[in-house]
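Numbering (this note's numbering), first residue to last: 781 to 870.
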């Protein structure tokens, strides 16, 4: 049976998928709005919602982003590719 809380969660999910499919908003904005709707209407408790967040994975993603940004800025990848081509091509 479809309860009020399940209906809210379903509408938030369908709205998020539709927003992402239309490409009018960024994916993270659509997901954040859907999560805020579900939490603010009491479908899920904020502490429980926060327990689903994997902070280790978020730290890894942020760390990789920072590392790739600085590697690109310092041209290390281009330098390394030139060195490898020179070594193996002669």
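For every residue, glycine included, the Cβ atom is placed at its ideal position computed from N, Cα and C.
Candidates the options: closest to residue i by CA position
i, options, result
"residue 813", "836, 855, 857, 791", "791"
Endpoints, alpha helix (DSSP H) assigned at residue i
i, result
"residue 841", "835-853"
"residue 866", "856-869"
"residue 812", "807-820"
"residue 781", "Per DSSP, residue 781 belongs to no alpha helix (DSSP H) and is neither H nor E."
Check whether residue i and residue j have beta carbons under 8 Å apart
i, j, result
"residue 762", "residue 815", "One cannot answer for residue 762 here, as it falls past the ends of the chain, which runs 781 to 870."
"residue 864", "residue 857", "no"
Cβ-based neighbour list, residue i, same chain, cut-off 7 Å, excluding 5 preceding and 5 following
i, result
"residue 819", "826, 829"
"residue 807", "800"
Proximal residues to residue i (C-beta, below 6 Å), its chain only, five neighbours per side dropped
i, result
"residue 785", "823"
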